[in-house]
Amino acid sequence: MVQTTTRLDFDIQTSITINGVPIKFSSGSETSTWVYATASFRVGTTPPTDLSALADYAYTAQSKIISEGEYVAISNGLGSYALVQIVDSQSLHHGGVKNGVVFNSSTVTITAPAVTEFSPADELVGVPVDENIRLTFSEQIQRGSGSIVLKNAAGSVVEKYDAATSKNISINGTVLTIDPGANFQYGAAYTLELAPGSVKDLAGESYAGSSNYNFATAQDPASHVTSTSLNFDVQTSVTINGVPMRFSSGSESATWIYASSSFKVGGTAPSDLSALGKYTYTSDSKLISEGEYVAVSNGLGSYALVQITDSKSIHHGGLLNGVTFNSSTTFIAPPDTVAPAIVGYSPANFAPNIAVGTDIAVTFSEAIQRGAGSVVLKNSAGAVIASYDASSANINISGSTLTINPAKDLDHATGYRVEFGAGVVKDLAGNAFSGTSSYTFTTAAAPDTTAPSISAFSGDNHAKFPVANDIVFTFSEAVQRGSGSVILRNSTGAAIAVYDAASSANLKFSGSSLTVNPSSDLGYSSEYSIEITSGAVKDLAGNGVVFKSYRLATAGAPEAVKGSSGADLLLGKSGDDLIDGGAGIDTLKYSGASANFSIVRTSSGFSVTDKLGVNGNDNVTNVERLHFTDSSIALDIDGVGGQAYRVYQAAFNRSPDLGGLGYWMAQMDQGASLKEVASGFVASAEFKTAYGANPSNAQIVNQLYQNVLHRAGETAGLDYWVGVLDSKAASVAEVLAGFSESAENQAALIGTIGNGFAYTPYG
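For the sequence shown, the working numbering assigns the number 801 to the initial residue and increments by one for each residue that follows.
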């Protein structure tokens, strides 16, 4: 939350600038009408310290006017606010209820993202050469445009990244990370420059850019060289980097040996000791002559370069002249002055869905030890959850890794921040860590430990369960296969089918439902029980259902109802029926509302099921129409009913009116052809409005492709149909009928009318 506070004396000011953005206000008399910006709030005479709850501030029509000394908080709608106090020094607009002024609807504030933390820290020295660069911003960010440039101390470009596309750049929430293409150089200074607009917030506001962020890397431990000289005739020791190096004395014939990790490097001081391994010596070269150099290693990659002088020639005697270091010679590298830095987090910074029992581990750039201070664990609201002193047993250090084992598990679905106090850890040389408060992560939601329960069973209290129906269980949550069985038993308790929950194809899981499709239809007028063993069904978290057993009773054998060869009116009876309408346009009548029935097309006709159980489940064949107490449904989708629907839809590119559809179905029932019905549509005013009063044949065909098939016509098809019309081989009505009955149009409408469609009977 960004908050800026300023004052506006309306009598002498017409604008103010907030965060570099000018805000202008209308002026007017005492009786002028002033209105708030919709995202502004009148907050009273005391400036709030926390604007995160500004929604608590409301205003009525009368309180749109701001009095002397009151504040207005203006939002840019993106979480940033400007807090402005109104001052009316000359009382020019002071007049009772209308005194003061408010901002007009064009008032806005804009806050761009800003960097709140650099890692490595700005001007830090001793940065590891393989370190990534991380910039934490004041709000969530996204890629912008322009360049991000890494330069060396001389100002030369080391690497350049395109802000919009570079794979070396990644963004996670408020953090931008740069992974350089190559490691930094040892002992080098770097500057990172971000062009204005290279980073934006989620509202599109651009970062102003930066060119003064710099840091320096650590020295190369393998190339540190210290030079001095030793006049053996007058010195028995020499001090290098504050460390005394003492040597044995003796006569010319004394036995002198090299330290095992030292090298005789000749009479010229080398500038680069990184390849010292190439210098060797033999038994007779163990003696060092006047002016020659010896490089002494501490065994850790650092060397001291010592020149031997023999000013008085006391030990100058041919092959034995000079002096060497004895085996007790030691060298101590320069003192470590670089503080440790964090190079890794576990869990990762900003990581979501972290297990509540997870330990918190932070990896540093070098081996560390306990320091003084505390590591504090806070929640996202800033409340302290735990504070661990550097000496706490909850903190463990191994090498370069510090691990926190919280005293108790973290809470689920909670954001946490880990804050390291300055000096809470230090490296082995005693350099203190500078501390950080930017490490955050969020724990996972609490696991689901509640087993699913059955909320509905399709056979429950169903004394007339259809023998061909699937058995459906609905659970309290989404479910999946478990381990166990679903068992179907007859009235004596004998198992007539056992389905393995893990693999049976007779069991189908979908969302929160389990559908059991028995291997064969149930028997008529029979009682059954169906069992789900414990664990056979489980929720998505793996919680298994406990054992359940349900009973169901099937309907009696269906009655056969047969129609004649004419147009029959058939009546649905109670119980299950096998209804065959025979030839003619037959209507099946039910004494109930259509909403109480389900209609599903089958391979032989339709299944009409009374959801209330009164009329049972009817298998219907050769029946063209259904009539309920509140509506009528046409089933003859392959007959005149379907033809009438499709040509109506094709002509006008809309769902048919129920009454109009019923009229044209009646005409076709009485013998009207599809061409005659199509001709009626072509002659209508609506058709002329849709296709034009006098369209060309090409225009008609193009429009038919769009209205009927909802696509542009292919060249061959367009040419064919335009040719048909041009040659008068068919009329427009016949072409319309051809489009409506095309396989493509029938396939497109099957999802709409496949289980029948509503109409209003004519006459």
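Think of the CB as a built atom: it goes at the ideal place given N, C-alpha and C, for glycine as much as any other residue.
None of the values given here were measured: they were computed from a predicted structure.
query                                                                                                       : result
For Y1328: DSSP bridge partner residues                                                                     : N1290, L1352
Beta-ladder partner(s) of K1411, from DSSP                                                                  : Note: K1411 sits in no beta bridge, so no partner.
Within 8 Å, strictly: CB atoms of I1160 and V1218                                                           : yes
Endpoints, alpha helix (DSSP H) assigned at G1439                                                           : Unbroken run through G1439: none, as it is neither H nor E.
Whole-angstrom distance between G1416 and F1406, CA atom to CA atom                                         : 14 Å
Rounded C-alpha distance that separates I1271 from G1381                                                    : 29 Å
CB of I1142 within 8 Å of CB of R1170, strictly                                                             : no
Euclidean distance between Cα positions of V1337 and A1450                                                  : 48 Å
Buried/exposed call for R1454, threshold 16 Cβ in 10 Å                                                      : exposed
Beta-bridge pairing of S1484 - partner residues as DSSP gives them                                          : According to DSSP, S1484 bridges with nothing at all.
Pick from R943, Q985, S956 that is closest to P996, judged by C-alpha positions                             : R943
Cβ shell of K1264 (< 7 Å), same chain only, five flanking positions each side left out                      : A1355, G1375, G1413, G1416
For A1186, three-class secondary structure by DSSP                                                          : strand
Terminal residues of the beta strand (DSSP E) in which S1540 lies                                           : No beta strand (DSSP E) contains S1540, which is instead part of the alpha helix (DSSP H) from 1532 to 1540.
Cβ-based burial, N1153 [other Cβ within 10 Å; buried from 16]                                               : exposed
Beta-carbon separation (whole angstroms), S938 vs T965, contact threshold 8 Å                               : About 24 Å separates the two Cβ atoms, so there is no contact after all.
Beta-carbon spacing of I971, I933 below 8 Å                                                                 : no
Beta carbon of L1314 nearer than 8 Å to that of V1267                                                       : no
Given I1433 as reference, the closest of H1212, G1556, R1351 once Cα atoms are compared                     : G1556
Classification of N876 by the beta-carbon crowding that lies within 10 angstroms, buried from 16 upward     : At N876 the pLDDT is 39, less than 50, meaning the model places this residue with poor confidence; the figure from the coordinates comes in the next sentence. N876 comes out buried.
T1515, enclosing alpha helix (DSSP H) - first and last residue                                              : 1515 to 1526
Best match in A989, V957, A963 for proximity to I948 [C-alpha to C-alpha]                                   : A963
Inter-residue CB distance, K1411 and S1398 (contact presumed, cutoff 8 Å)                                   : 6 Å
Span of the beta strand (DSSP E), counted from its first residue to its last, around E1544                  : Looking at the DSSP string, E1544 is not in any beta strand (DSSP E); the run it does join, the alpha helix (DSSP H), is 1543 to 1553.
Buried or exposed (CB count within 10 angstroms, at least 16 for buried), E1424                             : buried
The region 1545 to 1553 touching the region 1484 to 1498, judged by at least three CB pairs closer than 8 Å : no
Under the three-state DSSP convention, the category K1308 falls into                                        : strand
C-beta contact flag for V1279 and S1312 at 8 Å                                                              : yes
Below-8 Å beta-carbon distance, L1307 vs any chain D residue                                                : Although the question refers to chain D, the structure presented lacks it and comprises just one protein chain.
Pair within 8 Å by beta-carbon distance, F1220 and F1241                                                    : no
Start and end residues, alpha helix (DSSP H) containing L1210                                               : That residue, L1210, is in no alpha helix (DSSP H); it is neither H nor E in DSSP.
Spatial distance of A1472 from I1437 (CA atoms)                                                             : 17 Å
Cβ-Cβ distance between Y1324 and A1295 below 8 Å                                                            : no
Extent of the continuous beta strand (DSSP E) run through L1378                                             : 1377 to 1380
C-alpha distance - A1530 paired with N1396, whole-angstrom precision                                        : 46 Å
Length of the line joining the Cα atoms of Y1188 and F1015                                                  : 31 Å
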